[in-house]
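Down below is the structure, laid out as structure tokens.
In the numbering used here, the protein residues as written are 73 to 162.
Below you can see the structure in the form of structure tokens.
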């Protein structure tokens with residue numbers, strides 16, 4: 073099983089539990105993100121996480137689980153190339 077690098081982009085309702093619930097799914101799989109950024113806009117919270125060495129099947133499972141969180145409005149999953157991963161971690 074090949075492992076790749078991923079960016080999860082999550083848009084959620086502005087709520088104190090949003091970030092914790094998103095991070096909880098990574099914790100359940102013992103996955104520590106390489107980078108994490110959270111921004112609050114006028115009407116939503118955007119959570120960006122980069123994760124390395126995660127099999128595609130596992131990334132898809134985490135993305136599907138994130139979409140089931142009531143506070144989450146959308147989830148985007150992108151495979152990162154090496155240069156993008158280094159920029160995201162900087």
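All C-beta atoms, glycine included, are put in the ideal place defined by N, C-alpha and C.
Item: If you check the beta carbons only, do residue 137 and residue 97 fall under 7 Å apart?; Value: yes
Item: With a floor of 4 residues, list each alpha helix (DSSP H) that falls wholly inside the region 100–148, ordered by position along the chain.; Value: 128–139
Item: If you draw a straight line from the C-alpha of residue 79 to the C-alpha of residue 133, how long is it?; Value: 14 Å
Item: Going by the CB atoms, is the gap between residue 126 and residue 75 shorter than 7 Å?; Value: yes
Item: If you drop the 5 nearest sequence neighbours on each side, which residues of the same chain put their C-beta closer than 6 Å to that of residue 108?; Value: 121
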